[in-house]
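Enquirer:
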Amino acid sequence: MLPDKTHIKTIIIGAGPAGISCGYTLLKNGSDCLIIDRKEFPREKICGGGLTPQAHAFVDRIFNGLNYDYMDIRAIKMFYRKKYICSYSIDKGLRIVSRRDFDYTLLKEYEEKGGQRLTDIITKIEEEDDKIYLSLLSGKKLSCDYLIGADGANSIVRKYLQPDFKRGFLWLEKTVIENEKKDLQVYFDNRLKNGYLYKFPNPRGYVVGYGDRHTNTATFDKLLKEYDLMPDCKTKGAYIPMFDKQDYPFRKNILLAGDAGGYVDSITGEGLYFAFKSGENAALSIIQGKDYKQLNQPLMDIVKRRKRMARLFYFPPVHRLFIYLSGKPKWLERINRRVNRELSN
Ligand SMILES: Cc1cc2nc3c(=O)[nH]c(=O)nc-3n(C[C@H](O)[C@H](O)[C@H](O)COP(=O)(O)OP(=O)(O)OC[C@H]3O[C@@H](n4cnc5c(N)ncnc54)[C@H](O)[C@@H]3O)c2cc1C
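Position 325 of the sequence shown, counting from 1, maps to 327 under our numbering, and the rest follow consecutively.
1) Per DSSP, which residues does L144 bridge with? Please list them.
2) Around the C-beta of N31, are 16 or more other C-beta atoms found within 10 angstroms, so that it is buried, or is it exposed?
3) Are the stretch 66 to 76 and the stretch 310 to 330 touching, with three or more C-beta to C-beta distances below 8 angstroms?
4) With 16 other CB atoms within 10 Å as the buried threshold, where does E42 fall?
5) Would the stretch 16 to 29 and the stretch 49 to 65 be scored as touching if the rule is three or more Cβ pairs under 8 angstroms?
6) Taking the alpha-carbon positions, what's the I22 to L136 distance?
7) Would you say L149 and I134 are within 9 angstroms of each other, going by their C-beta atoms?
8) Where do the ends of the beta strand (DSSP E) carrying Y208 lie?
9) Taking the alpha carbon of G18 as the point to measure from, which residue in Y82, E111, A77 has its own alpha carbon closest?
10) Could you pull the DSSP bridge partners for R119 from this structure?
11) Can you give the beta carbon distance from G291 to S280, rounded, assuming they're within the 8 angstroms contact cut?
12) Report the residue ranges of all beta strand (DSSP E) runs contained in full by the stretch 196 to 284; include only those spanning at least 3 residues, in chain order.
13) Going by the beta-carbon positions, is the gap between E228 and R101 smaller than 9 angstroms?
14) Alpha carbon to alpha carbon, what distance is there between D131 and R97?
15) Can you tell me the Cα-Cα spacing of S157 and A259, whole angstroms?
16) Rounded to whole angstroms, what's the CA-CA distance from P251 to Y86? Just pull it up for me.
17) Any heavy atom of ligand 1 within a distance shorter than 8 angstroms of the CB on D122?
18) Whole angstroms is fine: what's the gap from H321's alpha carbon to I337's?
19) In terms of DSSP beta bridges, what is K126 paired with?
20) Taking all protein chains shown into account, decide if I124 is buried (16 or more other Cβ within 10 angstroms of its Cβ) or exposed.
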């Protein structure tokens, strides 16, 4: 429901993890805000749905132990092409969610606490006298003091700040609805450049997906056939801002959070923790009157470090060594410890 007034202190575009985290934090602190999303919820979102230990700890903290449906996964089975290499044990568990249901649960929680939301599409952004004016597809016009771009990898807010930005890597996915419980599997393959193939179980069934520098449907189908993973369902695609340069201007009153701001891990494509955290930081910078870039610096440092690590990790000789050592029990233990550390902080 849209409030009667047409000026709102903060307008957030996007009701995904970044937008909800921002809106919920503003709401808890009594700060006026409105979330606008182009989709009616529940809506489909292409995603593995893997919440790392640091992501689910963050969700527990910010949403006060909110109940949501997930699969508790304690091991990642790793393959090189079809050959099984090893299994990483995840001490604090990965929680795999169906994004359709998870995002809807978060949005309902925000609305039950009194949060305001509107289904509409932003078509135009303009600025005058320190105010931001938004035109919506419905014909409505709204204004705000702060605009949060939490509208994903194709962000219209990012486009406004940086018209020529690149969206990152395309990833393809198939969603399968079934009851049988599955393992979490990751397939590396020397034919993929900076990417991998995965199978993630979730409470509704499972998803299979893949992405790299040159993602295309022909390669996806070929790999699925070769790996006997071919589910007979539709392929959908979405971008992940991997290797994003985050080279847009940081503004005081227009802030980018989540995928819109390029906050993802360039090794795995993980973005949920980064979306939640940057969304919270955007809200805190408004509430506390602090510089967003400064507040976000630790997160940006992690994103940059993971980008450097990704370049090394996917460099073919290093990647081959990593696969080889993962198959050696003594090394596996060390790598497994590192994996747990990276997923937890
Ligand atoms: C194939 C794939 C697999 C992934 N797997 C994982 C994983 O397992 N674990 C993980 O941590 N991350 C994963 N990610 C990344 C993760 O999905 C994103 O990082 C995360 O969704 C970012 O959240 P967000 O809130 O920034 O954006 P989104 O979740 O994309 O939400 C953006 C919202 O903005 C709305 N919107 C967009 N444009 C407009 C507009 N013009 N007007 C109004 N509303 C608009 C959209 O409808 C959407 O609801 C995956 C991504 C892909 C593509």
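Here a beta-carbon is modelled for each residue, glycine too, at the ideal position from N, C-alpha and C.
Expert: Quick answer:
1) L136
2) exposed
3) no
4) exposed
5) yes
6) 20 angstroms
7) yes
8) 207 to 213
9) E111
10) I37
11) Not a contact, Cβ separation roughly 18 angstroms.
12) 198 to 204, 207 to 213, 238 to 242, 256 to 258
13) no
14) 46 angstroms
15) 10 angstroms
16) 45 angstroms
17) yes
18) 13 angstroms
19) S137
20) buried
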